[in-house]
Amino acid sequence: MNKTPHLSLAIAMALLTAVPLALSASDAAKPASDPAGAAASGVEADRAAKIERGRYLVNTSACHDCHTPFVMGPNGPEPDMSRALSGHPESLPMPPPPTLPEGPWIVLMGATNTAWAGPWGVSYTANLTPDEDTGLGLWSFENFRDTIRSGRHLGRGRQVLPPMPWPVYRNMTDQDLEAIYLYLQSIPPIRNKVPEPVPPPAPPAE
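Numbering-wise (the working numbering), the sequence shown opens with residue 4 and increments by one.
What follows is the structure in structure tokens.
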């Protein structure tokens, strides 16, 4: 008797069983979808875009003009970018505020462009780097936003003194202020304890 048909049938059944198993193994080899990872990547990309926006705003809003100490370069005074946005150097004490004549305001500035004297006394530009002891490292975005909006430190402390143009910056959107804040939190921290402002001399007794 010829057993070939039975053998062919057995082979066919084996192939039909093997095909689903092969497909199953192929599916298992495919990387599983990772919605959490995709969401994290999206958040990181959004943050990176905001930081770049903040960099642009800081570089075009004159922040370095006052918060980065100036040094004498080959072409005259220029910002010392090794101390970028670190404020008035703590190693550079200033003399007492001068007595200014009455009448139109007279404003004097230090050689580093980080110390200013006027009718308000002497003010020093702040350390904007994320150093936790001497800069903005412990500030939240809300702290930063409220300071700019109100002209008072943390929204409730002492006044932000001239020449800081907060009346102009307070008109920025929350999105722009957040971008600036995120950029400032991304730069290298520099430990530099800026001196406290000095009040103006008391008026002479009559």
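Note that the Cβ used here is the ideal one computed from N, Cα and C, for glycine as well. On a predicted model such as this, the values are computed, not experimentally measured, just so you know.
*Output the distance between the C-alpha atoms of A48 and P200, rounded to the nearest integer angstrom.*
To locate residue 48, count along the sequence shown from 1; it is residue 45. To locate residue 200, count along the sequence shown from 1; it is residue 197. In a straight line, the C-alpha of A48 is about 40 angstroms away from that of P200.
*asked:* So, for P198: in the same chain, excluding its five sequence neighbours on each side, which residues have a beta-carbon less than 8 angstroms away from its beta-carbon?
replied: Counting from one through the sequence shown, the residue named residue 198 turns up at place 195. H91, E93, P96, M97, Y127.
_So for A118, helix, strand or coil by DSSP?_
Walking along the sequence shown from the start, residue 118 turns up at place 115. Residue state, collapsed to three classes: strand.
*Inter-residue spacing [alpha-carbon to alpha-carbon] between G160 and S153*: Taking the sequence shown and counting its residues from 1, one reaches residue 160 at position 157. Taking the sequence shown and counting its residues from 1, one reaches residue 153 at position 150. G160 and S153: Cα-Cα distance of roughly 10 angstroms.
*Can you tell me which of the three DSSP states L111 falls into?*
Counting from 1 along the sequence shown, the entry for residue 111 is found at position 108. Three-state DSSP puts L111 in a strand.
*Using the C-alpha atoms, what's the distance from M167 back to P38?*
Stepping through the sequence shown from its first residue, residue 38 is reached at position 35. Stepping through the sequence shown from its first residue, residue 167 is reached at position 164. Roughly 45 angstroms between the two C-alpha positions.
*DSSP puts P168 in a beta bridge; with which residues?*
What you label residue 168 is simply residue 165 of the sequence shown in a count that begins at 1. Note: P168 sits in no beta bridge, so no partner.
*Would you check if the distance between the CB atom of L187 and the CB atom of L131 is smaller than 9 angstroms?*
For the purposes of this step, residue 187 is taken as the residue at position 184 of the sequence shown. For the purposes of this step, residue 131 is taken as the residue at position 128 of the sequence shown. Yes, the pair counts as a contact, with Cβ atoms nearer than the cut-off.
*Assigned secondary structure, E55 (DSSP; H/G/I helix, E/B strand, else coil)*: Within the sequence shown, the letter at position 52 stands for residue 55. Residue state, collapsed to three classes: helix.
*What do you reckon, are the CB atoms on R148 and L180 nearer than 9 angstroms?*
If you number the sequence shown from 1, residue 148 lands on position 145. If you number the sequence shown from 1, residue 180 lands on position 177. Yes, they are a contact pair.
*What's the call for V61, buried or exposed, on a 16-neighbour Cβ count within 10 Å?*
Here residue 61 refers to the residue found at position 58 of the sequence shown. V61 should be labelled buried.
*Taking C-alpha atoms, which residue in A182, R50, R155, D177 lies nearest to W169?*
In the sequence shown, the residue the question calls residue 169 occupies position 166. For the residues A182, R50, R155, D177, the minimum Cα distance to W169 belongs to R155.
*Check the C-beta distance from N195 over to T137 and give it rounded, since I have them as a contact under 8 angstroms.*
Sequence index remark: in the sequence shown, residue 195 carries index 192 (1-based). Sequence index remark: in the sequence shown, residue 137 carries index 134 (1-based). Contact between N195 and T137 holds: CB atoms are separated by about 6 angstroms, below the 8 angstroms threshold.
*asked:* When you compare the CB positions of T117 and C66, do they come within less than 9 angstroms of one another, or not?
replied: Along the sequence shown, read from residue 1 onward, the residue named residue 117 stands at position 114. Along the sequence shown, read from residue 1 onward, the residue named residue 66 stands at position 63. No, Cβ-Cβ distance for T117 and C66 is not below 9 angstroms.
*Quick one: Cα of S175 to Cα of A52, how far?*
As a working note, residue 175 is residue 172 in the sequence shown. As a working note, residue 52 is residue 49 in the sequence shown. Sequence inspection shows Met at residue 175; the Ser mentioned does not correspond to that position. Those two C-alpha atoms are separated by around 18 angstroms.
*Which residues does DSSP pair with R155 in a beta bridge?*
Counted from its first residue, the sequence shown places residue 155 at position 152. R155 is bridged to Q162.
*So S126 is in the alpha helix (DSSP H); what residue range does that whole segment cover?*
In the sequence shown, counting from the first residue as 1, residue 126 sits at position 123. Not the alpha helix (DSSP H): S126 falls in the beta strand (DSSP E), residues 124-127.
*From G40 to V46, what distance separates their C-alpha atoms?*
One-based indexing of the sequence shown puts residue 40 at position 37. One-based indexing of the sequence shown puts residue 46 at position 43. Roughly 10 angstroms between the two C-alpha positions.
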